[in-house]
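Chains as they are written, first to last, in the UniProt record's numbering: chain X, 1 to 325; chain S, 1 to 325.
Following this line, the structure appears as C-alpha cells:
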C-alpha cells in the first residue's frame, strides 16, 4: 500500500474537520482512489503545524510541530493543506511548499483573491497543483463546475449568495420580522457571525469570493479596489416589508457579468423575485447561479461554512491530487 | 500541436450539439487543456458514424462513415463518443471500442442502468476510461459531484427531479390549472414529450437515472425489476389543488435512500412542502438533492435535456479524458 503523505497547516475549525474526515473515511477514500485509478493508495497525515505544542490537542503528539521547516524539509510530504488563513505567514508557506515540489491545497479566499495570480504562477513554474475548492461557498462545488463541467461553455454571468452570515441575517429579518440589529445578535449568539462582523456584513468576504469565481470564469485579473460594494447594515424592516409586499426578497448578492467585453462585478443587497431560485435559499446556506451559452443556467446550493462542510471540500481536493500523483 | 482524435457515433440531437460545441469552442478548449495540463492539445473529430451516408448533413463528407469498423480500426482515434442511444448496437460498439483500447463516453442511461456494471468492468480490464455525465439530468453535474466533490462523505439519500417532461407537465398543472391530458398535449406540442410519452410519464426514464446515481452513491448493483415505480398518469386537478391548499407541491421524484444497510429506491409522485428546494424547480428543469454526513445537503439544478445542454455535459467528459491521455 502506497502512502500519500500530507501536512496540514493549522488545527482550527477546518483543520480539525479535515483531520477527522481523513481518519473516519480512510477506508472509503482508499477504495475510491482504487476505483478511480486502479492504484493501492492511502492518504495519511504526516505532520500538523500548530502554534503552541503545549496546548492539548486531540491528536497523536508525534504528528504535531511548531516549525514549518519540519514540513518543508520532509520529502515524503507531497501535499500541503494550508488552513491557517490570513495573508501571512500563509502565503509564504504556500510558496515555499510549491518551490519544494509539494502540491498545495487551501481554503484561503483572501490570499487567492488578493495575490493577483501569483500562487497559480508559482504552482505552474514548479509543476505542482494548487487547488482551492473550499475557498468559495464551502461545500458548493462551484470551482470544479466552472473548471470542468462547464468547460465547453462561455459563461456570461455568475450570481451568488456566497456569505452565510448575511443570508442568515436577511432570512431572519424576512421570516421573523426582526430588525438588522436583532438578527445580527442572533447570528452572533449562534456562532454564525463573529464579534466583529464587518467582513461579512460590509461585503469584503463576498467580494473575495466573487473575485475568485470571476477570475476563473472570465480569465481576467480583478482590481478589488475598483469593485462597487455595498453591505447590508442599512437594510431596515421597512425595506424587507416593501420587498415582500411586491413579491420580492432582498438577498445579498455577489455578481460578475460580462457586458460588451468587460467584466462588471458587484456586491450588494438586491431585490429579486420571490420565484427566483436564489430567493428561497434560506439561513446560512450558500448558492451560486451560473449562466452560460450551451448549458443554460445552472444552480448549485449547499452549506457555505462550518467545520465538516468546508473540510469536505478540502478533502475532495486532497483526493483529486492524491489520485493523480 | 498534438491532436486528440475522437469519433462520434450518431448525429442526432445530442451528436450535432457535440459537433457544434467542439467546433465553436475549439480555441477555448485548447486554452483550458493547456491551463490544466501545460500540454498543447486540441480535440478533433476524426469520424462520425451515421446510418445513411446519402442523407444531407451539415458536416464535411470526409468525416462521415456508415461502417463502425472504420472507427474501430483507426488507431488514431482515442475516444469514442456513443450517442446512438438504445441497447444495441450501442452496447456492442462500446465494448468493441474499449477492447480496441479506446476511451468511451456516452449519454446512454438505458445501457448503463441495465448492464449491471458490465461496461465498467470491460473498461477496467482494458485500462480505458468510461464516462457518462450526460446520462443523468443533462447539464446537472451530479455524477462528477458524487464521484469527486463528495468523495469524503457517506451519502444517505438522493432525491431528484430527473425527468424534464414530467416536471413540465406537473408545473403546467400546478401553475396553469391544466388537466394531465392538456398539460401532456402542451408538452408534446413543444417537443418536450414524445408522441409515445410512456417512458417519461410511467417512470422508466427516471428509474434508469436513479439506478445509475444509486450505484455510484451506494456501490450496489440494482435489480430494476424490483424497484417500486409509479407514474403520473393518474394525477388529477383535484390532487394538485389539494396539495396547493396545504402548502405543498406534487413533484415526480426519483429517490434512493440507505436505510438500515439496505438501499431503498422509489420513483413516484410525492407531495413536498412548498418551501422544499425541489418544490420550486419549474418546467423542464432537473434538480438533484444529495444528503450526506459531512457536507450536509447539496442541491444541483439545471437543464435536464436539449441538444446543447446535454452536449455540454458530454464535452466536459471529452475534456476530462483528453486532459489525461
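Cβ coordinates follow ideal geometry from the N, Cα and C atoms, glycine included. Source: prediction; values computed, not measured.
The beta carbon of residue 240 of chain S sits closer than 7 angstroms to those of 173, 174, 250, all from its chain and outside the five residues before and after it, given in chain order. Per DSSP, the unbroken alpha helix (DSSP H) holding residue 32 of chain S starts and ends at 26-37.
Excluding five sequence positions before and after residue 283 of chain S, the CB atoms of its chain that fall closer than 8 angstroms to its own CB belong to 164, 167, 168, 171, given in chain order.
Residues of chain X whose Cβ lies closer than 9 angstroms to the Cβ of residue 319 of chain S are, in chain order, 148, 151, 152. Interface criterion not met: the Cβ of residue 216 of chain S is under 7 angstroms from no Cβ in chain X.
Looking from the CA of residue 296 of chain S, the closest CA among X:35, X:150, X:138, X:72 belongs to X:138. For the stretch 32-97 of chain X, the full-length alpha helix (DSSP H) segments reaching 4 residues or more read 68-72 along the chain.
Counting other Cβ atoms within 10 Å of its Cβ, residue 53 of chain S stays below 16 and is therefore classed as exposed. Within the stretch 111-126 of chain X, those residues whose Cβ lies closer than 8 angstroms to any Cβ of chain S are, in chain order, 124.
Closest by C-alpha distance to residue 227 of chain X, out of X:43, X:307, X:256, is X:256. Cβ contact annotation for residue 216 of chain X (same chain, cutoff 8 angstroms, sequence separation greater than five): 143, 146, 147, in chain order. Within 7 angstroms of the CB of residue 139 of chain S, the CB atoms of chain X belong to 295, 296, 298, in sequence order along the chain. Straight-line measurement puts the Cα of residue 248 of chain X at about 19 angstroms from the Cα of residue 299 of chain X.
Look at residue 280 of chain X: its C-beta is under 7 angstroms from a C-beta on chain S.
Taking the beta carbon of residue 32 of chain X as reference, the chain S residues within 7 angstroms of it are 151, listed in sequence order. Residue 64 of chain X places its beta carbon 7 angstroms or farther from that of residue 43 of chain X. Ranked by Cα distance from residue 131 of chain S, the options S:324, S:322, S:317, S:323 are led by S:317.
Using a Cβ-Cβ cut-off of 7 angstroms, residue 308 of chain S is close to 294 of chain X, given in chain order. Counting only Cβ-Cβ distances below 9 angstroms, residue 275 of chain S has contacts in chain X at 280, 282, in chain order. Of the candidates X:311, X:287, X:101, X:305, X:287 places its Cα closest to the Cα of residue 301 of chain S. For residue 302 of chain S, the chain X residues whose Cβ falls inside 8 angstroms of its Cβ are 295, 296, 297, 298, 299, in order along the chain. At a beta-carbon threshold of 9 angstroms, the residues of chain X lying near residue 29 of chain S are 151, 152, ordered along the chain. The beta carbons of residue 263 of chain X and residue 214 of chain X sit closer together than 7 angstroms. Sequence-distant Cβ neighbours of residue 68 of chain X in its own chain, meaning closer than 8 angstroms and more than five residues away, are 9, 49, 89, 93, 96. Beyond the five residues adjoining it in sequence on each side, residue 238 of chain S comes within less than 6 angstroms, by CB distance, of no other residue in the same chain. Residues of chain S with a Cβ closer than 9 angstroms to the Cβ of residue 3 of chain X do not exist, since the nearest Cβ in that chain sits about 18 angstroms away.
The continuous beta strand (DSSP E) containing residue 252 of chain S extends over residues 248-259. Contact annotation for residue 14 of chain X against chain S: no contact, minimum CB-CB distance about 12 angstroms [criterion: below 9 angstroms]. Here residue 25 of chain S is actually not in contact with residue 261 of chain X; their C-beta atoms are around 18 angstroms apart, not less than 8 angstroms. Residue-level contact by beta carbon holds for residue 144 of chain S and chain X, with a gap shorter than 7 angstroms.
Within its own chain, the residues whose Cβ lies closer than 6 angstroms to the Cβ of residue 232 of chain S, once the five positions on either side in sequence are excluded, are 166, 201, 252, 269, listed in chain order. Counting of Cβ neighbours within 10 angstroms places residue 103 of chain S among the buried residues, the total reaching 16 or more. Residue state for residue 309 of chain X is assigned as helix, using DSSP reduced to three classes. At the C-beta level, residue 197 of chain S and residue 149 of chain X stay beyond 7 angstroms of one another. Counting along the chain, residue 164 of chain S sits inside the alpha helix (DSSP H) bounded by residues 164-176. The beta carbon of residue 156 of chain X does not come within 7 angstroms of any beta carbon belonging to chain S, so the residue lies off that interface.
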